[in-house]
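Q: In this note's numbering, the protein residues as written are 3 to 972.
Every residue, glycine too, gets a C-beta built ideally from N, C-alpha and C.
The structure follows.
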C-alpha cells in the first residue's frame, strides 16, 4: 500500500475565517485562537494568510523555548522581513534608523552595545518592535501571527503582551494560536490569556472539532470521491472530529488505515510507518532537533550530505509528514515529532542528542546566531553529559542576558546550579564560583520579576558567603552589602517582612570611613524604602548622609537620587527651593532614569500643592521624555497616575478616564495599579456607576491586603476613602465609618495630611448622616484633624471643607464656612469640590431663610455638575432646587389646617424621620423641628408621631419617599 499525501484542504472553518476577516477590518486588535492538538489551527492560519489582503508576518514558538530560547517567533519575523526588504529597509522603519536594539534578536543588525542590558534597554527593544509594526502598517494592514504560544518563553510572552496592550490606531492585527489541551492549571500562558482577554480590542476564539457534515466533506476531499457507506460514521467515532486524526485514520483505498490502531500513538505513527525505511530513519534523527530543523544541521547529524538528505526526505514531504519552511523543515504536526522522539530507545535517545551537540560544536553556523548555546545546553543535557551541559547553560545565560531575556537567563543559570554537584571542576569550567552563579541568578530573578525565587537565591548566596568567611577569613563586605540590598528590594516587592532590616544591614556592612560610592548608593536605597514606613527621621538621615558622601566623591547620579529621596521623605508643598535644587542637578547630569523619576516627584508635588494645570503639564512632559527614551509604554505608564489625578481635579474627567484605562491595560506595578483603581473607582462613583466603583474598590482592597506591610499612605488612605464613599452611596453609613477608622488609628505616616484630609471630610459627612449615634466617632475625627499640619492651598481647602462638614455633623449649617470652602476650591480650579460646597452653602442659606441666595448657588452647582457628568450630585442639586422653588411659591394651601412648612414636616414624619433628620432636610434647627412636630400633633388631635404618620398614610397625603443618592463626598 503506498503512502497517500494528505490534502491541505480546509473545511468547516468559514466562521473562523470570517471572524479573522472581521478582526482585521476592525484593527487594531488581536485574536487569541485556542484548540486541541491537531484541530487545524495552523491550517486555518495558512488559509487566512493566503487569502488576506495584508502583509503577514509569522513566527512560531519552539518547544525548546520553554528551556530558554528567547523571542523565537520575533526573530523569525525579523529574519523574514530582512529577506524581504533588507536591513536598510528595516532601518528606515524605526526611529532615527537606530536598529541597535534589534541586534539582540538578529545578528544582521550588528552587535549589541553591551553584554549586560538594563530594564530600559529591554523596554526600548519592545518599543522598537511596536514602532516597526506601526510603520509597516502605514503602507497597508499588517497581520502578525505567533503560533504555538503554549511553548512561548517568558520574554516572548512579555513582548507579545506589550504589543497587544499598546496597539494604537494603525491597522495591525495580532493572531496568537495555542494548544488548549496543553494549558494545565499552572501553565504560564493561562494568566497571560486571562489578562489579555480583558483588553478592549482582544477577541478569544476556540476552534471546535469538525461536525459530522464537515467530517464527510473532508473525507470526500481526501479520497477524491464519495466515501463508501459507513466510513464517515466510523471515522467520526474514532477521530472525534479532529482533522489530523481523520487524515491519519483514512487510507486512500477508502478504508481505515492500520486496521483501526488502538492508541493515539499508533494513529500518529501510521503515516510515518508507511514511508520507506530510510526516510523513517531520517525522521527519527529529525525528531531530536525540535519542531523545526535547518537542512544543513540535519544533514550534518545524519551524515547523508545535502543530496542524500534531500532524496531521503522527499517521500516525507510528499506525504505531508514534513513541510518545507525556508531553509529547513517542520513536522506537519508537533504531535508527530513527539511520538517519533518518544519511540526512541534510551540508548538511541542519548546517542542522537550527542550527535546534535557534536555537530553544533563542530560547526556553530548550523543554527542561527543566538540559538547555539541554548541548543547545546538542551542536547548535552539530553545526552546526559553534565559537564558540557553546564558549560553550555552558562554561555546560554550570557546570551539571554544580552538579549534582555531575564527569565530565560534565570532558567539557564538554574540549570547551571542543578548540574553543579555533578561536575567536580565546575568553577574552573566556567570561570566562576558557585556563589557568583547564585548572585547572577538572583539578579536575573530580580530583573525577571521572579522575586520569590530571587529571595531564595540571595539567601543561599549569603549562606555561602558566610561559609567562605568561616573557612578562609572575613567575607567581602561590599559583596554582602550588594546581596542584602538586592534581597531587601525583592522582599519589598513581595511585601515580606525584613526588607528594611536587610537594607539597614547593607549600610552597616559598609564603613563610613573612607566614604565610598557603594555606601552612598546603599544609603540612598535605604532612605528611598524606609520613607514608606513611619521612620521618616531615619529616611531623612540616610538621604542626608548619602548626599554628603555623593558630593564628597563627585558622584552626581547618586547625589540626584539622594536629593530626590530626601525631598520625598518630607514633602513641603509650599517651599520650592529643594525642588529647584533637584531640578538643577538632574538636568546637569542628564541621566534618563533619574530624569524620569524627577518628573514623577515634581508632578506629585505640584498636584499636592493644588497646582493642577502645572502638575498635568509636568507629568505630560515626563511621558514625552519616556517616549523619547523609548520607554513611553512601559516606564512611562508610572506617570499615568500623576497625569490622571490633576485631570480629575480640573474636571477634565473624560481625558482622565482615557489615561486611566490605557494605563490599566498595561498591567502596571502594584503601587501604580492601586492608585489607578482608586481614582477610576471614584470617577465611576461620581458619575453614578456604582457597579464599576465596587469592582475597582475590590481590586484595590485585594492589593492592599497583600501589601499591608509596606503600602504607601497614598494607597492605604485613598482605598479607605473610596471604601467609605462606596458604603455611603449604598446607604451603609456605619460601614463607611468603619472604613474611616484606620485613618484615625494610623497618624504619622509619610505625607499623612495630604491623604488623611479627604478621608476625614468623608468621615465627618457620615457622622452628619448618623447623628447622635456617631458623636464619639465625630470627636475622634475632629481630634485627628486637629493634629494635622496644613501645608499648601490644597490642604487648606480640605481643612475648610472639613470644618464646615464637622459643624454640620453637630447640627450647625454654617453658611460662611461653606462659602469659604467653595471659594477655596474655585481658586484651585476644582469644579466638583466647588459644586459640593455650593450645595451645602445653599442648604445653609435656606436654613437662614434666604431662598434667593440658595437658588443662585444651586444654579451654579447644577451647571458644574452637568458639565462633569456627575449625575448623583446633579440629582441632589436639582432636587433641592425644585424644593427651594416649591417652598418659596406656596402656590396652594396645605390640608388639615397645616402651614406649608408643617405639611413638609409631616411628610418627613410619615417617612419615619427623626427631628434631627427633619432639621437637616429642611435646613432648620432641631429645636424648630420639634416645635413643628408639636404643632402638627395638636392640629391632627393625635398623641404621638406614630399616630400622625398613620393619619398621613390613611389619607394618602404623600407618595413613596425618595431614597438616598450615591454622590461621593470629598
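Using only the alpha-carbon positions, how far apart do residue 977 and residue 128 sit?
A: The shown model of the chain, from 3 to 972, leaves out residue 977, and the question about it has no answer.
Q: Tell me which residue opens and which closes the beta strand (DSSP E) that residue 62 is part of.
A: Where residue 62 is concerned, the enclosing beta strand (DSSP E) stretches over 57-62.
Q: Along the chain, where does the beta strand (DSSP E) containing residue 333 start, and where does it finish?
A: From DSSP, the beta strand (DSSP E) with residue 333 extends over 330-333.
Q: Residue 180 lies in the beta strand (DSSP E); which residues open and close that run?
A: Element bounds for residue 180: 174-181.
Q: What does residue 35 pair with, by DSSP beta-bridge criteria?
A: Per DSSP, 179, 207.
Q: What's the C-alpha gap between residue 451 and residue 571?
A: If I take the Cα positions, the gap works out to 26 Å.
Q: Excluding the 5 residues preceding and the 5 following residue 308 in the sequence, name in chain order all residues of the same chain whose CB lies nearer than 7 Å to its CB.
A: Cβ within range, chain order: 301.
Q: Strictly by DSSP, which residues pair up with residue 933?
A: Paired residues: none, contrary to the question.
Q: If you drop the 5 nearest sequence neighbours on each side, which residues of the same chain put their C-beta closer than 6 Å to that of residue 541?
A: 529, 532, 533, 571, listed in sequence order.
Q: Leaving out five residues before and five after residue 396 in sequence, what residues of the same chain have Cβ atoms less than 6 Å from its Cβ?
A: So the list reads 418, 432, once near-sequence residues are dropped.
Q: Inspect the beta-carbon positions of residue 97 and residue 144 and report whether they are closer than 8 Å.
A: Result no, Cβ atoms of residue 97 and residue 144 do not sit closer than 8 Å.
Q: One question on the structure: do residue 694 and residue 665 come within less than 8 Å of each other, judged by their Cβ atoms?
A: No; because the gap between Cβ atoms is not below 8 Å, this pair is not in contact.
Q: In the DSSP assignment, what are the bridge partners of residue 149?
A: Bridge partners of residue 149: 62.
Q: Take the Cβ of residue 777 as the centre, count every other Cβ of all protein chains shown within 10 Å, and call the residue buried at 16 or more, exposed below.
A: Flag for residue 777 reads exposed.
Q: Opposite residue 324 in the DSSP bridges: which residues?
A: Paired residues: 333.
Q: Based on Cα-Cα distance, which residue from 725, 398, 795, 348 lies nearest to residue 576?
A: For the residues 725, 398, 795, 348, the minimum Cα distance to residue 576 belongs to 795.
Q: Would you mind working out which of 840, 849, 283 sits nearest residue 864, comparing C-alpha positions?
A: When each option's Cα is compared against that of residue 864, the closest is 840.
Q: How far does the alpha helix (DSSP H) with residue 783 in it reach, from first residue to last?
A: Taken as a continuous stretch (DSSP letters only), the alpha helix (DSSP H) holding residue 783 covers 777-788.
Q: Consult DSSP for residue 944 and reduce its assignment to one of helix, strand or coil.
A: Correct three-state label for residue 944: coil.
Q: Please check the pair residue 480 and residue 440, which I expect to be a contact at CB under 8 Å, by giving their CB distance rounded to whole angstroms.
A: The Cβ separation is near 16 Å, so there is no contact.
Q: Count the C-beta pairs between the stretch 169-187 and the stretch 88-96 that are closer than 8 Å, then say yes if the count reaches three, no if not.
A: They do not touch, by the three-pair rule.
Q: Alpha carbons only, please: which of 690, 38, 491 is nearest the one belonging to residue 445?
A: Residue 491 is the option with its Cα nearest to residue 445.
Q: In terms of DSSP beta bridges, what is residue 295 paired with?
A: Residue 295 pairs with 331.
Q: Can you grab the Cα-Cα spacing for the pair residue 770 / residue 949, in whole Å?
A: Their backbone Cα atoms lie some 28 Å apart in a straight line.
Q: Of the choices 455, 907, 389, whose alpha-carbon is the least far from that of residue 426?
A: Minimum Cα distance to residue 426 is reached at 389.
Q: Over the uninterrupted alpha helix (DSSP H) stretch that includes residue 531, give me the two end residues.
A: That run of the alpha helix (DSSP H) goes 519-532.
Q: Is the beta carbon of residue 807 sitting closer than 8 Å to the one on residue 766?
A: Going by C-beta atoms, residue 807 is nearer than 8 Å to residue 766.
Q: Taking the alpha helix (DSSP H) that residue 727 falls in, what are its first and last residues?
A: 715-731 is the span of the alpha helix (DSSP H), which, as asked, contains residue 727.
Q: Ignoring anything shorter than 4 residues or poking outside the stretch 627-702, list the alpha helix (DSSP H) runs there in chain order.
A: Whole alpha helix (DSSP H) segments, 4+ residues: 642-651, 655-666, 672-688.
Q: Below 7 Å CB to CB, which residues in the same chain sit around residue 462 once its five sequence neighbours on both sides are set aside?
A: Within the same chain, residue 462 has close Cβ partners 440.
Q: Contact between the stretch 699-706 and the stretch 737-754 is defined here as three or more beta-carbon pairs at a separation below 8 Å; is this criterion met?
A: No, the stretch 699-706 does not touch the stretch 737-754.
Q: Check this for me: beta carbons of residue 801 and residue 792, under 8 Å apart or not?
A: Cβ distance < 8 Å, so residue 801 and residue 792 count as in contact.
Q: Using a Cβ distance threshold of 8 Å, determine whether the stretch 189-199 contacts the stretch 215-223, with at least three qualifying pairs required.
A: Contact fails: fewer than three Cβ-Cβ distances are below 8 Å.
Q: When the distance is taken between beta carbons, is residue 790 closer than 8 Å to residue 759?
A: Contact flag set, yes.
Q: Please determine, among 750, 334, 349, 385, the residue with the shortest C-alpha to C-alpha distance to residue 359.
A: The option with the nearest alpha carbon to residue 359 is 385.
Q: Under three-state DSSP, which class holds residue 144?
A: Correct three-state label for residue 144: strand.
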